[in-house]
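Undergrad: Next up is a structure, given as structure tokens.
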Amino acid sequence: MENFLSKSGTKRKFKEEYVDYGFIAMESDGSEAAEKVKKVPLSNITISRRIEDISSNLKDQAREHFETLKDESMLLWSLQVDESTDICENAQLLAFIRFIKGGKFENEFFFCDELESTTKGKDFFDLVNKKILFFHLKWKKCVSVCTNGCPSMRGNLKGFITLVLQENPDVVTTRCMIHHEALAAKSLTTLTGFQSEIQHYFPSLSIDEYSWVINTFGSNEKANLTTEDEEQLIDLRNDKINQLVFPEKSLDEFWLTLKQSYPALGFKAVKIILPFSSSWFCEFVFSVFSEVKSKKRERLLLIDKEIRNCLSTMELRFNLVCSRKQAQPSH
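Here this note's numbering is used: the first residue of the sequence shown is 65, the next is one more, and so on.
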């Protein structure tokens, strides 16, 4: 029950509203099943504790995944970070992480925490760094970080991105493309007169050098690769088996399968497609806040625990969670 409620991403309901689940009908039936239903604990405190248990289990699974990985090439990850204010005007920092799991990319809810005081770049970095240490991640394995364009995020001197680059200068930083489009749309009628200025803020990205990643067997564009990578790409393009497999798999799955046969080329391709291009996940979750933290629940503090089960891609270990609890009938 707690798992269903937390996954719904909406406010909790009271016992008498569980008509959709057949609870009231079963209680009036007088059967043995109805007696079992009456023993299901549905108090607000119990539901809250169970949701916290579910959230902790999902968080522990993510932590175990990174902690137990031995293959260095599988430890690459990308980050998507955004900041907003809730109904109480408290600043909330939200992050999603993209990593490699089971031969494909996973987009996983990372955390959502309230900023205790200010919303400076250092505040963002300290909170993100704290979570990275908790999940046993390393900055040197970070491929990219995607943020919005606010000064606290992208300031040249003390912005969040600047502090990230001090930890790993090789991190690719991207600004959310959704924000780019919104800004461009506002100035669409005057773009001709400000062409040079727009070119400065929205530089053209040449994707020809990356066409070998997307259209591996059909592109003849010159790629910016080393001699070793060029040789592996030539071998790959003449590999009949992979030519047949390529259309049947997603881009991330295809390149991850080449980790053993074409290690250098596969590693470079993964680093190109792993980054987030926008902060869409964060923007979507902030829209859920209106339901999770509404006017009637404005004092809710454990936002991270409330929404983790709703957003996590990890599969809950029901047996483990239930084995640690003893159900008490509601009164």
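All C-beta atoms, glycine included, are put in the ideal place defined by N, C-alpha and C.
For clarity, every value in this text was computed on a predicted model and none was experimentally measured.
1. Which residues does DSSP pair with A159 in a beta bridge?
2. Given W332, which residues of its chain have a CB within under 7 Å of its CB, disregarding the five upstream and five downstream residues?
3. Excluding the 5 residues flanking T413 on each side, which residues of the same chain have their C-beta closer than 6 Å to its C-beta?
4. Can you tell me whether P233 is buried or exposed, with buried defined as 16 or more other CB within 10 angstroms of its CB?
5. Does the pairing of the segment 105-124 with the segment 201-208 give three or more beta-carbon distances under 8 Å?
6. Between which two residues does the beta strand (DSSP E) holding V209 run?
7. CA-CA distance, I225 and L197?
8. From the DSSP output, in three-state form, read off T226 for me.
9. Start and end of the beta strand (DSSP E) containing R301?
10. DSSP state of E180, grouped into three classes?
11. Taking three-plus beta-carbon pairs below 8 Å as touching, is the segment 309-319 in contact with the segment 173-183?
12. Quick check on F199: does DSSP put it in helix, strand or coil?
13. Please state the DSSP three-state secondary structure of R76.
14. Using a threshold of 8 Å, state whether the C-beta atoms of V207 and L338 are closer than that.
15. Does the structure place the segment 342-352 close enough to the segment 188-197 that three or more beta carbon pairs sit under 8 Å?
16. Hey, how far is the Cα of T110 from the Cα of K134?
17. What's the gap between the Cα of L384 and the Cα of D316?
18. Is it the case that the Cβ atoms of R388 and L122 are separated by a distance below 8 Å?
TA: Quick look at the numbers:
1. A159 has V145, F175 as its beta-bridge partners, per DSSP.
2. Before going on, a small fix: residue 332 reads as Lys here, not Trp. Correct list, in chain order: D293.
3. Past the boundaries of the shown model lies residue 413; the chain is included only from 65 to 395, so the question cannot be answered.
4. Answer is exposed; the Cβ neighbour count stays below 16.
5. With the cut-off at 8 Å, the segment 105-124 and the segment 201-208 do not touch.
6. Segment 206-211, the beta strand (DSSP E) holding V209.
7. One alpha carbon belongs to I225, the other to L197, and they sit about 18 Å apart.
8. T226 falls in the helix class under three-state DSSP.
9. Careful: R301 lies outside any beta strand (DSSP E), inside the alpha helix (DSSP H) at 291-301.
10. Coil, per DSSP.
11. Not touching, per the Cβ criterion.
12. Correct three-state label for F199: coil.
13. Residue placement at R76 cannot be trusted, given a pLDDT of 49 that sits under 50; what the coordinates show is reported in the next sentence. Reduced to three states, the DSSP call for R76 is coil.
14. Cβ atoms of V207 and L338: closer than 8 Å.
15. No: the two stretches stay apart, fewer than three of their Cβ pairs being nearer than 8 Å.
16. Their Cα atoms are separated by approximately 39 Å.
17. Taking the straight line from one Cα to the other gives about 32 Å.
18. In this structure, L122 does not lie closer than 8 Å to R388 by Cβ.
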